[in-house]
Amino acid sequence: MAFQKAVKGTVLIGGGAIATVFGLSQFSQYRNKHGTLGNVQAAEAVTVPIKNDFPTREEQILTLKNTSEFDVLIIGGGATGCGCALDAVTRGLKTALLERDDFSSGTSSRSTKLIHGGVRYLQKAIMKLDFEQYKMVKEALQERANLLEIAPHLSAPLPIMLPVYKWWQLPYYWIGIKLYDLVAGSQCLKRSYVLSKSRALEHFPMLRKDKLVGAIVYYDGQHNDARMNLAIALTAARYGAATANYTEVLRLLKSTDPGSGRQRVCGARCRDVLTGQEFDVRAKCVINATGPFTDSVRKMDDQEVPNICQPSAGVHIVMPGYYSPDNMGLLDPATSDGRVIFFLPWQKMTIAGTTDSPTDVTSHPIPTEEDINFILSEVRNYLSVDVEVRRGDVLAAWSGIRPLVTDPNSKDTQSICRNHVVAVSDSGLVTIAGSGKWTTYRAMAQDTIDAAIQAHNLPAGSSKTIGLLLQGAEDWSPTLYIRLVQDYGLESEVAQHLASTYGDKAFEVAKIAQVTGKRWPIVGKRLVSEFPYIEAEVIYGVKEYARTAVDIISRRTRLAFLNVQAAEEALPRIVDIMGKELNWNEQKKKEELEAARKFLYYEMGYKVKSDQLTDSSEITLVPSDIERYKKRFHMFDKDKKGFITILDVQRVLESISVQIDEKTLHDILNEVDLNKNGQVELIEFLQLMSAIQKGHVSGSRLAVLMKTAEENLRQRVVIPVDRSGGGL
Numbered sequence: 001m002a003f004q005k006a007v008k009g010t011v012l013i014g015g016g017a018i019a020t021v022f023g024l025s026q027f028s029q030y031r032n033k034h035g036t037l038g039n040v041q042a043a044e045a046v047t048v049p050i051k052n053d054f055p056t057r058e059e060q061i062l063t064l065k066n067t068s069e070f071d072v073l074i075i076g077g078g079a080t081g082c083g084c085a086l087d088a089v090t091r092g093l094k095t096a097l098l099e100r101d102d103f104s105s106g107t108s109s110r111s112t113k114l115i116h117g118g119v120r121y122l123q124k125a126i127m128k129l130d131f132e133q134y135k136m137v138k139e140a141l142q143e144r145a146n147l148l149e150i151a152p153h154l155s156a157p158l159p160i161m162l163p164v165y166k167w168w169q170l171p172y173y174w175i176g177i178k179l180y181d182l183v184a185g186s187q188c189l190k191r192s193y194v195l196s197k198s199r200a201l202e203h204f205p206m207l208r209k210d211k212l213v214g215a216i217v218y219y220d221g222q223h224n225d226a227r228m229n230l231a232i233a234l235t236a237a238r239y240g241a242a243t244a245n246y247t248e249v250l251r252l253l254k255s256t257d258p259g260s261g262r263q264r265v266c267g268a269r270c271r272d273v274l275t276g277q278e279f280d281v282r283a284k285c286v287i288n289a290t291g292p293f294t295d296s297v298r299k300m301d302d303q304e305v306p307n308i309c310q311p312s313a314g315v316h317i318v319m320p321g322y323y324s325p326d327n328m329g330l331l332d333p334a335t336s337d338g339r340v341i342f343f344l345p346w347q348k349m350t351i352a353g354t355t356d357s358p359t360d361v362t363s364h365p366i367p368t369e370e371d372i373n374f375i376l377s378e379v380r381n382y383l384s385v386d387v388e389v390r391r392g393d394v395l396a397a398w399s400g401i402r403p404l405v406t407d408p409n410s411k412d413t414q415s416i417c418r419n420h421v422v423a424v425s426d427s428g429l430v431t432i433a434g435s436g437k438w439t440t441y442r443a444m445a446q447d448t449i450d451a452a453i454q455a456h457n458l459p460a461g462s463s464k465t466i467g468l469l470l471q472g473a474e475d476w477s478p479t480l481y482i483r484l485v486q487d488y489g490l491e492s493e494v495a496q497h498l499a500s501t502y503g504d505k506a507f508e509v510a511k512i513a514q515v516t517g518k519r520w521p522i523v524g525k526r527l528v529s530e531f532p533y534i535e536a537e538v539i540y541g542v543k544e545y546a547r548t549a550v551d552i553i554s555r556r557t558r559l560a561f562l563n564v565q566a567a568e569e570a571l572p573r574i575v576d577i578m579g580k581e582l583n584w585n586e587q588k589k590k591e592e593l594e595a596a597r598k599f600l601y602y603e604m605g606y607k608v609k610s611d612q613l614t615d616s617s618e619i620t621l622v623p624s625d626i627e628r629y630k631k632r633f634h635m636f637d638k639d640k641k642g643f644i645t646i647l648d649v650q651r652v653l654e655s656i657s658v659q660i661d662e663k664t665l666h667d668i669l670n671e672v673d674l675n676k677n678g679q680v681e682l683i684e685f686l687q688l689m690s691a692i693q694k695g696h697v698s699g700s701r702l703a704v705l706m707k708t709a710e711e712n713l714r715q716r717v718v719i720p721v722d723r724s725g726g727g728l
């Protein structure tokens with residue numbers, strides 16, 4: 001009876017909500033009809049010629065130095081800043097963009113990788129009758145469709161499952177998801193649908209079965225965020241924008257307006273971070289698109305201006321691919337503290353997040369153990385008891401800072417609307433701030449350039465970026481990778497990766513790929529064995545403005561975001577290749593290695609990995625296990641020294657006719673050598689086995705090697721020694 005009442009009430013409320021949203025949707029579509037029709041073929045109206053290739057960074061720096069005045073100077077090379085550059089240059093404006101680090105080095109590379117309208121924002125819009133929230137969702141869904149169209153190689157629709165564990169929630173969530181479809185209208189990717197318990201488990205076998213009622217599946221988009229950001233920047237450069245990474249703004253330039261007598265922003269004093277050279281870039285309009293650093297640039301204009309941003313930190317973790325199906329995500333709509341957690345397949349791994357908490361602004365945000373454990377705890381709530389969710393299976397972790405717009409009536413960042421604001425200061429500085437949503441970067445850029453044109457009387461028409469294909473999209477097709485396999489002799493996995501990363505530019509990478517010397521693949525030497533990244537991508541990455549090893553492991557490839565241990569393993573070869581391309585000396589190579597390892601250690605979760613196994617780690621093994629592991633240890637420590645070295649391991653391996661090169665053995669022991677004295681003591685080995693038993697560490701090569709050696713001394717079979725994927 002209670003269930004029937006709940007269903008009736010939900011249906012009545014839902015019916016009203018559907019009618020309301022349908023009315024709003026129709027009104028919104030009617031109001032925007034003429035504007036939409038005018039913009040459908042916006043990209044075709046671009047009259048600015050596009051170059052076959054983009055200029056080198058050195059050529060871009062020269063353009064910045066030698067141009068007397070730009071129409072627009074954009075500070076910030078994230079998604080919104082690069083979006084502004086592309087919007088401005090395709091309107092015919094002389095455009096410059098400066099980024100003090102690398103393109104997408106901040107928040108834009110540290111997202112949930114979703115292109116979405118925001119299901120929870122729609123819920124708030126309906127519950128609070130908030131038309132602004134509704135408009136934001138509507139706009140985001142329109143932008144979602146556009147982004148999937150203009151970069152099909154970097155993005156794709158993704159089904160996301162919402163599991164239901166209470167009967168009354170089924171109609172409630174069903175209505176909400178159907179409203180989401182309704183608001184998307186003709187741009188709905190695919191219609192949502194309901195699954196029975198058995199069908200839900202068929203699609204997502206790792207799901208917790210207990211009390212599962214059924215599930216609802218809806219569709220959103222997913223993309224490679226850093227590569228998408230780079231594609232926008234490269235497209236803008238091909239249209240003629242002078243874009244430069246590693247170019248820092250030191251201060252804003254001002255001049256006196258002869259008409260009003262007021263000080264007006266007219267450019268910026270810059271420094272090439274790589275060479276130390278300083279120069280001025282002058283422009284009729286300066287745009288501040290620096291995300292979390294919005295207020296620092298605003299204070300360059302006016303020290304007394306109040307802050308308008310309230311930054312929020314979001315942590316994500318990456319786990320092995322076996323934690324989720326290949327093509328089905330999961331949404332936890334109500335976590336233990338009221339937040340939302342996504343659990344998604346990405347790049348053949350599983351990404352989980354995000355958290356949402358106030359933070360300080362920093363260029364180097366660090367994921368905390370508390371946030372990592374919170375996400376793991378929520379994941380455990382939804383996965384089967386048969387799936388042991390281990391802390392050691394966290395392969396990478398990162399924190400991104402969202403530049404949310406401050407709401408003076410808000411007590412916490414969760415209730416802040418993610419919409420954006422465009423502000424023009426008295427001196428003419430145009431600031432775009434807020435949102436924190438990747439999906440609406442294009443609309444934010446359009447609003448910003450519209451405001452800049454109006455405030456500075458710039459000679460330009462309407463935006464041309466709807467439907468404008470990004471770098472790599474023009475001749476891409478889902479079967480392009482087959483040509484790469486057939487024409488160049490690449491592995492199928494590598495070819496698919498290149499096609500989905502570079503689009504039709506994948507052929508340029510394939511052309512410079514080295515011959516392997518093997519029967520198959522003919523070309524394409526991998527940087528690490530278990531990922532499809534090849535050495536040629538490092539060379540091509542330098543062409544794409546990569547200037548540090550961190551640029552390669554985190555933004556040209558995504559290795560650091562997928563597995564920090566694999567990224568560290570690839571670093572020496574990456575630095576060698578970059579050294580040849582950029583003429584680095586040995587000291588510079590050493591500095592790059594140290595900087596990249598520091599990045600992995602602090603920003604990508606390596607530190608919290610090492611904290612799981614320290615020289616003070618508690619040993620919680622039972623006496624029988626301790627004796628068993630001591631016997632295993634003494635098989636290698638024949639002389640009862642109390643420690644083992646590379647020579648001890650080599651001796652055991654030789655006795656069973658197995659050879660491993662000395663460098664690999666050194667790396668294997670170094671993973672466990674806590675005090676870094678070149679040997680593994682018994683206490684360190686017991687700490688390792690205890691941490692493995694508790695799930696804090698997984699994929700230890702030494703543990704697997706010693707266990708297998710113990711078995712094979714009797715059976716005399718070959719030991720597998722490939723790195724297992726390792727966890728944090």
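In terms of UniProt numbering, the sequence shown opens at residue 1 and continues consecutively. Don't be surprised by glycine CBs; every beta carbon is placed ideally from N, CA and C.
Membership of glycine 83 in the alpha helix (DSSP H) is indicated by the continuous run 79-90. 9 Å or more divides the Cβ of leucine 682 from the Cβ of lysine 638. Closest option to valine 515, judged by alpha-carbon separation, among Ile175, Ser399, His420, Glu535: Glu535. Taking a 10 Å sphere around the C-beta of leucine 395, we find 16 or more other C-beta atoms and assign the residue as buried. In the structure shown, the three-state DSSP call for leucine 162 is strand.
In chain order, Thr95, Ala236, Tyr239, Gly240, Ala241 place their CB closer than 6 Å to the CB of valine 89, counting only its own chain and leaving out the 5 sequence neighbours on each side. Along the length of the segment 142-206, whole beta strand (DSSP E) runs at least 3 residues long occupy 155-164, 193-196, reported in chain order. If you ignore the 5 residues before and after aspartate 371, its C-beta comes within less than 6 Å of the C-beta of Val315, Thr355, all in its own chain and listed in chain order.
Of Leu207, Cys285, Tyr121, the smallest CA-CA separation from glutamate 69 is found for Cys285. In the same chain as alanine 352, and ignoring 5 residues on each side of it, the C-beta atoms closer than 6 Å to its own belong to Ile317, Phe343, Ile375, Val379, in chain order. Alanine 226 is positioned such that its CB atom lies closer than 9 Å to that of serine 109. For glutamate 530, the closest of Lys518, Ala566, Val672, Tyr165 by C-alpha to C-alpha distance is Ala566.
Residue pairing for methionine 349: DSSP places it in a beta bridge opposite Trp346.
Note on geometry: alpha-carbon atoms of arginine 701 and valine 265 lie some 58 Å from one another. Judged by beta-carbon spacing, arginine 57 lies within the 9 Å limit of asparagine 245, meaning their Cβ atoms are closer than that value. One thing to note: alanine 125 has its Cβ within 9 Å of the Cβ of glutamine 133. In the structure shown, isoleucine 341 adopts extended strand secondary structure according to DSSP, grouped into three states.
Within 10 angstroms of the beta-carbon of tryptophan 476 lie 16 or more other beta-carbons, which makes it buried. For isoleucine 534, no alpha helix (DSSP H) run applies, since DSSP gives it neither H nor E. Counting only the Cα atoms, valine 424 lies some 6 Å from threonine 431.
A direct Cα-to-Cα measurement between isoleucine 668 and phenylalanine 636 gives close to 14 Å. Put simply, the backbone Cα of leucine 122 is about 55 Å away from that of arginine 519. Counting the other CB atoms within 10 Å of its CB gives asparagine 288 a total of 16 or more, which places it among the buried residues.
DSSP places threonine 620 in the coil class of the three-state scheme, outside both helix and strand. Annotation for tyrosine 488: Ala510, Val523 place their beta carbon closer than 6 Å to its own, counting only its chain and skipping 5 residues before and after. Bounds of any alpha helix (DSSP H) do not take in proline 403; it lies within the beta strand (DSSP E) bounded by 396-405.
Cα atoms of isoleucine 646 and glutamine 679: separation of roughly 8 Å, rounded to the nearest angstrom. Annotation: aspartate 280 to cysteine 270 spans about 6 Å, alpha carbon to alpha carbon. Collapsing the DSSP output to three states places glutamine 133 in a helix.
Contact between asparagine 224 and threonine 440 is absent: CB atoms are separated by about 18 Å, not below the 8 Å threshold. Put simply, the backbone Cα of tryptophan 346 is about 12 Å away from that of tyrosine 322. Closest in C-alpha terms to leucine 98, from the list Val297, Ala709, Asn585, comes Val297. Considered as a whole, the segment 208-292 harbours 225-238 as its complete alpha helix (DSSP H) runs of no fewer than 4 residues, in chain order.
Phenylalanine 103 carries a coil assignment under DSSP once its states are collapsed to helix, strand and coil.
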